[in-house]
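Participant: I'd like to ask you about the structure that follows.
In the numbering used here, the protein residues as written are 29 to 130.
Here it is as structure tokens:
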């Protein structure tokens, strides 16, 4: 039986839909405002590039919000992918630590 999952949304989709589109900001405007190439923003929006720590800092400053929001959004996305791809396999081989009883 094949497991079915809800498709995960890349953080770039949230950047585009909930920030750029809602605020009427063009990707090129964002790119020039934060000092990166336009293709960097396009690749994030298209889900082809991760939001790095440096990019998180830039986005946080631009939107006047926590850089941690962007960083954690990306890491949560990556963790969910790793869980889907590897958790079942790891559960078979990882032996949880058991503290000795006194």
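Note that CB positions come from ideal geometry on N, CA and C, so glycine has one too.
Quick one: residues in its chain with C-beta nearer than 7 Å to the C-beta of residue 118, no 5 flanking neighbours on either side, listed in chain order?
Facilitator: Excluding sequence neighbours, residue 118 sits near nothing in its chain.
Participant: Report, in whole angstroms, the separation of the C-beta atoms of residue 111 and residue 79, which I expect to be a contact under 8 Å.
Facilitator: Residue 111 to residue 79, Cβ: 19 Å. No contact.
Participant: Which value, in whole angstroms, describes the spacing of the CA atoms of residue 109 and residue 126?
Facilitator: 28 Å
Participant: Could you check what DSSP says for residue 127 in three-state terms: helix, strand or coil?
Facilitator: Assigned with DSSP and collapsed to three states, residue 127 falls in coil, not helix or strand.
Participant: In or out: residue 39 buried (at least 16 other Cβ within 10 Å) or exposed?
Facilitator: Under this definition residue 39 is a buried residue.
Participant: Cα-Cα, which of 120, 107 and 130 is closest to residue 37?
Facilitator: Residue 107 is the option with its Cα nearest to residue 37.
Participant: Is residue 84 closer than 9 Å to residue 75 when the C-beta atoms are compared?
Facilitator: Contact: no.
Participant: In its own chain, which residues sit with a C-beta less than 6 Å from the C-beta of residue 59, not counting the 5 before and 5 after it?
Facilitator: 66 and 69
Participant: If we require 3 or more residues per run, which beta strand (DSSP E) segments fall completely within the segment 53-100?
Facilitator: none
Participant: I need the straight-line Cα distance from residue 73 to residue 52, nearest angstrom please.
Facilitator: 15 Å
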